[in-house]
Amino acid sequence: MQTVQKVEQVKHLPLKFGEVARYVIVPGDPNRVPIIADSLDNPIHQGQNREFNAYKGTYKGIDVSVVSTGIGCPSTAIAVEELSYVGAEVLIRIGTSGSVDKSATKGDIFIATAAVRDDGTSKQYIPIEFPAIASHDVVGNLIQASKDIGIDTKVGICQSKDSFFGETEPERMPVAPYLDYKWSSWKKGGVGASEMEAATLFTLCHIKKIRAGAVLAIETSDKETVQNMTKIVLESITYMEEKRNVQ
Amino acid sequence: MSNSNDKETTGGLLDNDMQYHVQLKNGDISDFVILPGDPGRVEFIAEHFDSATLVADNREYKTMTGKYKGRSVSVTSTGIGCPSTAIAVEELANVGAKTFVRLGTSGAMQDYTRVGDKVIATGAVRFEGTSVQYMPIEFPAVASHDMVSALIKSAQNADLTHHIGIVQSKDSFYGQHNPEGMPIASELLQKWDAWVKGGVLCSEMEAATLFVVGSYRKLRTGAVLLVAGDQAKQESLTKEEYKANMTESINMILEASLDIEEGS
């Protein structure tokens, strides 16, 4: 990153230094970005490059960005690196996920406290023994926001995998026994949701000393659920901004 | 071990039984247990309760149970390291413990973690051999959100200098204190450097297994680590300072226990 001038475009995101809000909502799907941005006042489309689609607007007077990460931890790491470079300080993922131990089931909204590092990207930052943990502060504000708005949520650990079809059709994979053994461990160990980005989001944000959280819909991606997740995240951002102003 | 319901073959690990290592049975302990490493610290911790009785003392596991401001509380020592900690947590859970807060000492890993500071662990680096015999290494060793929140609140109320974040749990004490002397020096040094760069606050020896076993057994967990030494700065607490700081840490946990509904 040292070769990039601050006024210049970062390599992948359609953003320059200072063009991002302190608070950024990071869905996976670039097509979900405008749906989330609909809940903002005066959303502006800042551009799209590859799977990275960027909007910025305000919510109750607070600047909020929405930037997609694409599927998986490799592109998520690029998004986190470049977002933090251009000025982001709090990244909250809105995503979809599968159910694992059935503590959360279809239609539930799940707030992740931490993630299983079943991904390859976070290991290229820090050894595997390091825990992928969401910011305690962000998680607390998300829980509080969901209670205040009256939207039920489940809270717990999610699993981040690299192979989508390794989860949905493990039997056809050459490493089927390995996938089965791991999956049964996550089930017994109390993992509530399975998705593809949180482990790197949490690990990398911790290393970069910025805050992260994730809100996941279990086995659904209908518009109403996405809007409910957006409501929770936006409300939590108002709490964080209020506390920041007090300090 | 073919019949898991057979007492003879499970070594007395069943619910309601006298637990093999901690020598406790149902009714002996509170739902809320403080876990120091050192059995010699148990009595000192119990002195901060309003009342306390010795209920068991076997190997490194010493347990006292009593009351604090009307709430039932227990303290059980785990011994040093994750292997004996896993045994303590499993057996305490078998006889009704639901919330576990480790109280321990630790070594500073950041410039800003100074001796006397209290670290409230949100999670732990699993640089130990026990938790991987429960869950694959990719699983995060994470404390319970509500326990962490209660500990933060009590630290703030008591105006204590505290840090909130990730700690490192290791198996080899001397591997940390004298990494160069070890055959695997390069791994120890490289990983230590990675934890420091990753923002890990302090180093200790039990939290990772407490958190992983806690997740698997659906228990509430937390940890308060008093920074007692700083290798880089060659600093440590005097005996008097240590005692005063321990008292602050104990009171912090006891106050937090009041936020946890009894039996929940």
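From first to last, the protein sequence lines stand for chains A and B.
When we follow the numbering used here, the leftmost residue of the first sequence carries the number 395, and every step to the right adds one.
When we follow the numbering used here, the leftmost residue of the second sequence carries the number 1355, and every step to the right adds one.
We treat Cβ as the ideally placed atom computed from N, Cα and C, and that holds for glycine.
- Contact between the stretch 1466 to 1484 of chain B and the stretch 1561 to 1578 of chain B is present: three or more C-beta pairs spanning the two stretches fall below 8 Å.
- Every beta strand (DSSP E) of 3 residues or more that sits fully in the stretch 1393 to 1470 of chain B is shown, in chain order, as 1405 to 1412, 1415 to 1422, 1425 to 1430 and 1453 to 1462.
- The way I'd put it, the stretch 1393 to 1400 of chain B does touch the stretch 1428 to 1441 of chain B; three or more beta-carbon pairs between them come closer than 8 Å.
- With a cut-off of 8 Å on Cβ pairs, the stretch 556 to 569 of chain A is not in contact with the stretch 519 to 526 of chain A, counting fewer than three such pairs.
- Here DSSP, grouped into helix, strand and coil, assigns tyrosine 1488/B to coil.
- Within the stretch 414 to 478 of chain A, the complete beta strand (DSSP E) segments of 3 residues or longer fall at 417 to 421, 435 to 443, 446 to 453 and 456 to 461, listed in chain order.
- Note on geometry: alpha-carbon atoms of isoleucine 1614/B and aspartate 1500/B lie some 8 Å from one another.
- If you draw a straight line from the Cα of glutamine 1585/B to the Cα of threonine 452/A, it comes to about 47 Å.
- Rounded to the nearest whole angstrom, the C-alpha separation of arginine 426/A and serine 459/A is 13 Å.
- Contact between lysine 555/A and aspartate 512/A holds, with the beta-carbon distance rounding to 5 Å and staying under 8 Å.
- Boundaries of the beta strand (DSSP E) harbouring arginine 1480/B: 1472 to 1481, taken from the DSSP string.
- Taking every protein chain shown into account, the CB of glutamine 1544/B has fewer than 16 other CB atoms within 10 angstroms, so this residue is exposed.
- At least one CB of chain B lies nearer than 9 Å to the CB of phenylalanine 524/A.
- Short of 6 Å from the beta carbon of alanine 509/A, and not among the five residues preceding or following it, lie these beta carbons of its own chain, in chain order: Ala526, Cys552, Ser554, Ala592, Ala593 and Phe596.
- Classified as exposed, isoleucine 1538/B has fewer than 16 neighbouring CB atoms from the shown chains inside 10 Å of its CB.
- When DSSP states are grouped into helix, strand and coil, proline 1494/B belongs to the coil group.
- Rounded to the nearest whole angstrom, the C-alpha separation of proline 571/A and valine 494/A is 17 Å.
- Exclusion of the five residues before and after tyrosine 633/A leaves Asn535, Gln538 and Ala539 as the residues of its chain whose Cβ lies within less than 7 Å of its Cβ.
- Proximity of the stretch 1452 to 1468 of chain B to the stretch 1481 to 1489 of chain B falls short of the contact definition, fewer than three beta-carbon pairs being nearer than 8 Å.
- One Cα belongs to serine 433/A, the other to threonine 619/A, and the distance between them is close to 13 Å.
- Residue-level contact by beta carbon holds for alanine 508/A and chain B, with a gap shorter than 9 Å.
- Judged by beta-carbon spacing, alanine 606/A lies beyond the 9 Å limit of phenylalanine 504/A, meaning their Cβ atoms are not closer than that value.
- The Cβ of glycine 534/A sits closer than 9 Å to at least one Cβ of chain B.
- Closest in C-alpha terms to glycine 501/A, from the list Glu635/A, Glu636/A, Arg638/A and Ser615/A, comes Ser615/A.
- Residue nearest to glycine 514/A within the set Ile486/A, Cys467/A and Gly550/A is Cys467/A (criterion: CA-CA distance).
- Sequence-distant Cβ neighbours of lysine 1416/B in its own chain, meaning closer than 6 Å and more than five residues away, are Pro1393, Val1396 and Ser1431.
- At least one C-beta of chain A is nearer than 9 Å to the C-beta of glycine 1552/B.
- Within the DSSP bridge table, the entry for valine 609/A names Ile488/A and Ile505/A as partners.
- Per DSSP, glutamine 553/A is not a residue of any alpha helix (DSSP H); the beta strand (DSSP E) it occupies stretches across 548 to 555.
- Residue-level contact by beta carbon fails for glycine 607/A and chain B, as no gap is shorter than 9 Å.
- In the DSSP annotation of this structure, the continuous segment of the beta strand (DSSP E) that includes glutamine 1522/B starts and ends at 1516 to 1524.
- Shown here for glutamate 445/A: same chain residues with a beta carbon closer than 7 Å to its own, the five before and five after excluded, namely Pro424, Ser462, Gly464 and Ser469 in chain order.
- The beta-carbon of proline 571/A is placed no less than 9 Å from the nearest beta-carbon of chain B.
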